[in-house]
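Residue numbers (my numbering), protein chains in the order written: chain A, 1 to 321; chain B, 1 to 566; chain C, 1 to 335.
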């Protein structure tokens with residue numbers, strides 16, 4: 001019995017990879033995917049995002065130039081600086097004659113990973129605290145005061161302190177690169193959950209008094225099930241917005257962090273950093289800002305459209321219309 | 001005919017007067033941009049360059065440095081020397097004479113009491129005077145009459161031109177600051193933000209870290225100056241935006257410290273609205289080698305202390321090879337353009353003190369590799385050189401700054417080519433230079449193998465600067481990590497030379513000693529690897545006349561001579 | 001509701017005290033020292049003396065208690081003294097900044113006008129644009145207007161202000177010469193010409209910031225409206241024959257405002273906090289620039305005071321948001 005069930009579940013799951021995690025029951029998953037497919041924007045977004053992910057995953061294997069490579073022959077390096085796109089360098093070179101395509105591909109890996117993981121952390125904490133505070137009156141006070149505290153903390157000293165206290169320890173335990181990554185996503189995640197917590201809490205406060213919640217409670221549904229089955233699906237749309245905005249926010253925050261010397265080592269490219277460095281050269285070499293800017297915007301836009309499509313697909317009232 | 005000639009003559013004289021003796025305030029308004037805005041206009045309470053330079057428009061010392069680094073009298077009648085009798089033969093006292101009929105901007109006379117008061121103000125306990133080192137070694141300041149000041153030193157002073165010289169130790173008005181001595185200093189906000197001075201301008205309004213509005217000082221000693229009636233000194237933004245405001249939008253007439261990359265310099269100059277002015281002082285961008293072991297395996301309190309010599313950088317051949325692998329001209333071309341020149345000296349100027357050391361200017365990669373080969377550092381399987389199981393791995397740190405990050409990448413490429421594994425690190429400037437004993441990332445703690453930053457010395461005399469590399473100036477946990485000897489360099493011969501210099505008055509002999517000390521630190525031991533002599537680069541509008549960039553004193557040292565050219 | 005508000009206000013006092021302590025410890029713990037912007041030419045001994053003169057070498061709790069006393073007693077009483085000419089705290093030290101060696105509140109006073117005019121206007125413009133766009137985008141979901149709105153909003157949010165700000169300067173100040181690139185804080189509006197100058201110098205920062213603010217608010221408005229437009233009560237209202245205007249603007253909008261109110265209330269304290277990057281790009285030199293400057297210079301009294309005022313505003317506006325929830329949706333009760 002169980003074997004068959006598992007097989008049946010995993011079949012549509014393969015078709016609908018990005019969706020299935022959110023909607024385990026089998027028939028619903030297919031419904032959602034069908035609905036999702038009809039959303040043109042969402043499909044375009046999905047395709048573009050997949051292309052970007054593919055490019056940054058496979059790209060560095062195809063385009064094997066080291067993004068941090070500077071020609072030690074100074075004369076060659078000087079000649080190769082700030083070049084427009086050519087076949088050898090399809091996106092041109094930067095002020096140290098480093099290949100911009102390699103930097104964009106490599107930078108995308110870090111930026112996307114930071115953006116996605118930091119967003120997940122922030123949305124997870126935010127939604128959790130928001131739901132708990134909104135649903136349980138006793139937790140509301142303490143949790144919201146905690147939110148106020150975090151909102152009031154000045155970000156920069158907080159990050160400096162975080163890096164100073166935990167930087168060396170974490171780097172030693174999991175290695176310098178993984179350590180820096182962990183610290184950065186943690187730092188961004190912990191300092192950006194507050195607005196989603198407040199928004200979710202506001203929604204939950206209103207939802208809690210709705211008839212369907214009252215009905216569920218009157219038949220003795222335990223709090224945990226009530227939250228998961230009735231409350232969470234109804235706060236999905238602000239959470240989606242928070243998640244899309246969160247990715248953009250995290251990518252930008254990372255660039256500011258590395259600019260402050262708190263992020264990755266200085267020769268590590270990320271999209272945000274490429275954009276930041278490019279601003280100085282904006283008038284002379286516009287492509288220096290256009291490329292990373294475009295990459296960030298495209299990613300954010302496609303995530304946003306996927307979010308739109310997902311929300312529509314997840315809403316039973318819209319689905320099937 | 002006679003009449004006509006007279007008339008013509010008179011007309012010619014009038015025309016000449018118009019050109020040579022412009023009237024005070026006839027040129028209207030001038031806009032100056034300091035992207036780091038002044039926080040306070042009392043230089044004794046802040047050592048910040050932005051504060052010193054802004055206040056130099058208002059406050060003046062007895063003597064200043066001109067653009068060549070030579071002393072010239074400001075409030076004094078002349079520079080006291082042994083020849084003119086102003087300086088005692090045994091160098092234990094100096095006598096300054098004030099110009100006659102000097103007036104503060106409020107119309108009251110300037111007397112020797114004000115000069116003595118300036119000394120008392122800085123010496124007052126609990127005042128936290130930022131310029132205290134200028135007044136060190138002074139036994140007393142006497143005022144025999146209203147225009148004479150006699151400064152007596154504890155011991156013969158080879159360089160007596162520290163107190164009351166340069167924008168760092170100006171004369172403040174006794175009447176205004178009398179109640180602000182010592183701990184009371186911060187209560188005098190009005191005086192600190194609007195000092196009464198003798199300079200060409202006086203403060204109209206002051207907004208902290210934002211804008212200073214100034215107007216011509218009605219009692220300035222030259223009745224024809226300044227040519228500008230009013231001045232706005234605005235702050236905010238960054239160097240690039242400041243350069244743009246002068247060179248591209250033309251909103252401002254002068255912008256301070258507009259260090260932008262060479263391409264932008266060329267592009268902005270092409271705009272035709274303004275031009276860059278530059279001058280070279282003593283600011284040297286350098287790599288400092290850590291002679292002690294910064295390894296994080298050592299217990300806290302022993303890292304980067306003289307207890308543990310550095311495992312690889314203690315080998316002079318490694319230090320020499322690292323320096324030889326660097327192409328300093330390429331660094332200048334990428335980072336500074338006209339605002340930098342390659343150097344091998346820690347003391348690149350003034351001429352009397354600068355060594356003729358130029359051996360490092362040409363990159364010698366082959367020589368560097370050979371040197372390491374000969375010293376037994378052979379490339380391992382991964383291309384990284386090693387010797388006795390020790391790998392050439394270097395952690396290279398610096399402060400966050402776009403040019404420094406480019407330099408890091410370039411130097412990494414050369415060192416990698418040499419067979420050295422380089423790890424880069426950048427630290428926020430406020431942490432790096434902050435000197436907080438609790439932070440692991442300060443440049444004094446030096447928890448890295450090499451680090452890069454720039455430093456210079458005040459005025460024209462390198463004595464104190466070079467004395468910073470004596471053994472007893474090594475930062476350590478015992479000194480709360482304070483001390484100028486960042487490299488932990490310790491050499492008894494060097495200490496002897498430093499002691500000798502502090503007791504030598506003869507300029508030629510001092511120069512010789514300074515050069516010797518400079519060479520010991522640089523070419524002989526490569527403890528310090530000088531890279532670039534960094535000039536000051538400021539932007540000035542093509543309609544602003546009289547700007548002479550001075551690297552030895554405040555940049556605004558001759559604002560009284562600025563004019564509007566049409 | 002009134003008792004709830006009063007109870008929350010009372011509870012806010014210990015919360016704020018705790019917040020102030022946490023901020024103080026945090027800023028104190030942060031690496032860096034008040035000497036970080038003093039040139040290296042100033043020798044170490046002199047630096048130590050300067051730190052001592054600032055009082056920055058005292059133990060952290062001594063400084064904290066001193067700050068509490070100065071903030072809650074000396075500063076308010078100083079205002080009283082100024083107003084009534086009394087001498088209650090005469091001669092007592094006010095909160096003194098390490099950077100300027102002058103009272104922190106003088107700096108705040110100098111900074112408030114440009115922060116409120118520029119950042120406040122930008123926020124107001126942002127809200128006024130965002131809410132209607134959000135409503136209409138949801139009402140006509142997937143129309144060209146919605147698509148365009150979504151595109152601009154996401155672009156506005158994903159492109160950082162350090163880029164858009166400089167871009168605006170390059171286009172409008174350098175190429176076209178329409179607007180100045182530097183904000184003049186000394187400009188006083190006295191006549192039409194100076195009013196025009198003020199509008200011109202505000203135009204670029206307001207444009208950049210309002211785009212950024214509008215992006216976020218319009219997204220939340222749109223999504224919340226969408227959520228509600230599909231509800232049964234909308235169908236009922238329409239079935240009863242109500243006009244579309246009434247249905248959308250009265251019923252749906254009111255029910256959709258909860259997340260919008262939250263976001264707006266979260267943003268208002270930010271007006272006081274200033275917009276660090278935009279202020280820097282346009283040299284507005286408001287509170288945001290003061291805060292970041294103080295953080296870089298490790299000016300603890302300044303950072304502490306600014307952040308604490310910021311915290312008070314956050315607590316107050318979150319309380320206002322909570323009260324508005326009850327007004328918007330009477331089913332929400334806190335008692």
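Where is the CB? At the ideal position from N, CA and C, for every residue including glycine.
- prompt: Any C-beta of chain B sitting closer than 8 Å to the C-beta of residue 223(A)?
  reply: no
- request: Taking residue 570(B) as part of the beta strand (DSSP E), name the residues at either end of that continuous run.
  value: No information on residue 570(B) is available, as it lies outside the stretch 1 to 566 that chain B covers here.
- request: Could you tell me which chain A residues have their CB closer than 9 Å to the CB of residue 322(B), listed as they occur along the chain?
  value: Here the premise fails: no neighbours, minimum Cβ distance about 13 Å.
- prompt: What is the C-beta distance between residue 160(A) and residue 30(C), in whole angstroms, given that I count them as a contact (C-beta under 8 Å)?
  reply: 5 Å
message: I'd like to check one pair, residue 99(C) with residue 265(C): are the Cβ atoms closer than 8 Å?
response: no
Cβ distance (whole Å) where residue 88(C) is taken to contact residue 71(C) below 8 Å: At roughly 16 Å, the Cβ-Cβ gap does not stay under 8 Å, so residue 88(C) and residue 71(C) are not in contact.
task: Look at the alpha carbon of residue 84(C) and the alpha carbon of residue 312(C), and state the distance between them as a whole number of angstroms.
output: 27 Å
- prompt: Going along the chain, which residues of the region 245 to 265 of chain B sit with their C-beta nearer than 8 Å to a C-beta in chain C?
  reply: 245, 248, 249, 251 and 252
message: Any contact between the region 1 to 19 of chain C and the region 139 to 158 of chain A? By contact I mean 3 or more CB pairs, one from each, below 8 Å.
response: yes
Element boundaries [beta strand (DSSP E), containing residue 97(C)]: Counting along the chain, residue 97(C) falls outside any beta strand (DSSP E), and DSSP gives it neither H nor E.
- request: Check the Cβ-Cβ distances between residue 86(C) and every residue of chain B, and say whether any is below 8 Å.
  value: no
message: Strictly under 8 Å for the Cβ-Cβ distance: is residue 108(C) near chain A by that measure?
response: no
query: Which runs of the alpha helix (DSSP H) spanning at least 4 residues fall entirely within the region 463 to 507 of chain B, listed in chain order?
result: 463 to 467 and 492 to 502
field: residue 172(B) - DSSP class collapsed to helix/strand/coil
entry: coil
query: Taking 8 Å as the CB-CB limit, is residue 31(C) close to chain B?
result: yes
- prompt: Out of 79(B), 397(B) and 284(B), which has the shortest C-alpha to C-alpha gap to residue 422(B)?
  reply: 397(B)
query: Quick one: what's got a C-beta closer than 8 Å to residue 162(C)'s C-beta in the same chain, skipping five residues either side?
result: 277 and 281
- prompt: Hey, residue 116(A) and residue 252(A) are a contact pair by Cβ (cut 8 Å); roughly how many whole angstroms apart?
  reply: That pair is no contact at about 14 Å.
message: Would residue 280(B) pass as an interface residue toward chain C - the criterion being a Cβ-Cβ separation below 8 Å?
response: no
message: Quick check: is any heavy atom of the ligand ZN less than 7 Å from the C-beta of residue 274(B)?
response: Among the components of this structure there are no ligands whatsoever, and the ligand ZN is therefore not found.
message: Quick check: the Cα distance between residue 243(C) and residue 224(A), rounded to an integer number of angstroms?
response: 41 Å
task: Answer yes or no: does any C-beta atom of chain A fall closer than 8 Å to that of residue 426(B)?
output: yes
message: I'd like to know if residue 40(B) contacts chain C, where contact means its C-beta is closer than 8 Å to some C-beta of that chain.
response: yes
query: Applying a beta-carbon distance threshold of less than 7 Å, which residues of chain C neighbour residue 202(A)?
result: 258, 259, 262 and 325
message: Under 8 Å, Cβ to Cβ, is there at least one residue of chain C near residue 241(B)?
response: yes
message: Closer than 8 Å between beta carbons: that is the criterion. Which residues of the region 160 to 172 of chain C meet it against chain A?
response: 160, 162, 163, 166, 167 and 170
field: Exposed unless 16 or more other CB atoms sit within 10 angstroms - verdict on residue 295(A)
entry: buried
- prompt: Nearest to residue 411(B) by CA position, among 267(A), 163(A), 47(A) and 122(A), is which residue?
  reply: 267(A)
query: Whose C-alpha, out of 325(C), 303(C), 315(C) and 117(C), is nearest the C-alpha of residue 155(A)?
result: 303(C)
message: Which residues in chain A have a C-beta closer than 9 Å to the C-beta of residue 311(C)? List them in chain order.
response: 148, 149, 151, 152 and 153
task: Leaving out five residues on either side along the sequence, give the residues of the same chain with a beta carbon under 6 Å from the beta carbon of residue 10(B).
output: Confidence in residue 10(B) is poor, its pLDDT being 47 and thus under 50, which makes the residue's placement unreliable; the coordinate value appears in the next sentence. Excluding sequence neighbours, residue 10(B) sits near nothing in its chain.
- prompt: Whose C-alpha, out of 61(C), 217(C), 314(C) and 140(C), is nearest the C-alpha of residue 129(C)?
  reply: 217(C)
- request: Counting only runs of 3+ residues fully inside the region 260 to 308 of chain B, write out the beta strand (DSSP E) ranges in chain order.
  value: 274 to 289
field: Proximity below 8 Å, CB of residue 417(B) to CB of residue 365(B)
entry: yes
- prompt: Would you report the Cα separation of residue 287(C) and residue 274(A), rounded to the nearest angstrom?
  reply: 29 Å
message: When you compare the CB of residue 77(C) with every CB in chain B, is at least one pair closer than 8 Å?
response: no
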